[in-house]
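According to my numbering, the sequence shown is numbered sequentially starting from 26.
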Amino acid sequence: MDCDAIYCFDRGSVLFALYPRGSDGPRVVAEISEDALRDLFGARGGGDSLVEACRDNFGQIEKVALLHYRRHPAKPVLLATGDFEFPSYLETDPAG
Numbered sequence: 026m027d028c029d030a031i032y033c034f035d036r037g038s039v040l041f042a043l044y045p046r047g048s049d050g051p052r053v054v055a056e057i058s059e060d061a062l063r064d065l066f067g068a069r070g071g072g073d074s075l076v077e078a079c080r081d082n083f084g085q086i087e088k089v090a091l092l093h094y095r096r097h098p099a100k101p102v103l104l105a106t107g108d109f110e111f112p113s114y115l116e117t118d119p120a121g
């Protein structure tokens with residue numbers, strides 16, 4: 026699935042769309058911090074670089090975001106650097 030993402034300067038993050046039930050299901054807006062995109066995914070410039078890093082690594086980012094959403098669907102999905110560290114990233118997805 027393509028990554029629909031925008032940089033949000035005032036939040037210091039990139040907001041992106043997440044579709045927990047596939048493209049025909051509801052959309053959830055999630056976010057990943059600037060720090061995570063710089064520290065883990067190689068973003069080096071401004072907002073465009075952050076969005077590009079999100080898009081280029083969306084498979085990995087989406088996997089972690091879905092894990093967070095499925096554990097706590099009523100809470101916002103806010104990803105930080107620590108969310109990608111072992112063992113949380115490698116845990117089994119509760120949805121199978």
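No residue lacks a Cβ here, since even glycine has one placed at the ideal position from N, Cα and C.
Measuring CB to CB, does residue i end up less than 8 Å from residue j?
i, j, result
"Arg80", "Cys33", "no"
Counting only the same chain and skipping the five closest in sequence on each side, list residues whose C-beta sits under 8 Å from that of residue i.
i, result
"Leu43", "Arg52, Val53, Val54, Ala55, Glu87, Ala90, Leu91, Tyr94, Val102"
"Glu59", "Gly37, Ser38, Val39, Ala68, Leu75"
"Gly50", "Tyr44"
"Arg46", "none"
Mind reading off the beta-carbon distance from residue i to residue j? Whole number of angstroms is fine, and I expect it under 8 Å.
i, j, result
"Leu65", "Phe109", "6 Å"
Can you determine whether any heavy atom of the ligand MN sits closer than 7 Å to the C-beta of residue i, and answer yes or no?
i, result
"Gly72", "Looking at this structure, you won't find the ligand MN or any other ligand, since it has none at all."
CB-CB under 7 Å to residue i, same chain, minus the five flanking residues each way: which ones, in chain order?
i, result
"Asp73", "none"
For residue i, which residues in the same chain have their Cβ closer than 6 Å to its Cβ, ignoring the five residues on either side in sequence?
i, result
"Ala105", "Ser58, Ala61"
"Phe83", "Cys28"
Residue ranges of each beta strand (DSSP E) run of no fewer than 3 residues wholly in the segment 52 to 118, ordered along the chain? 53 to 58, 102 to 104
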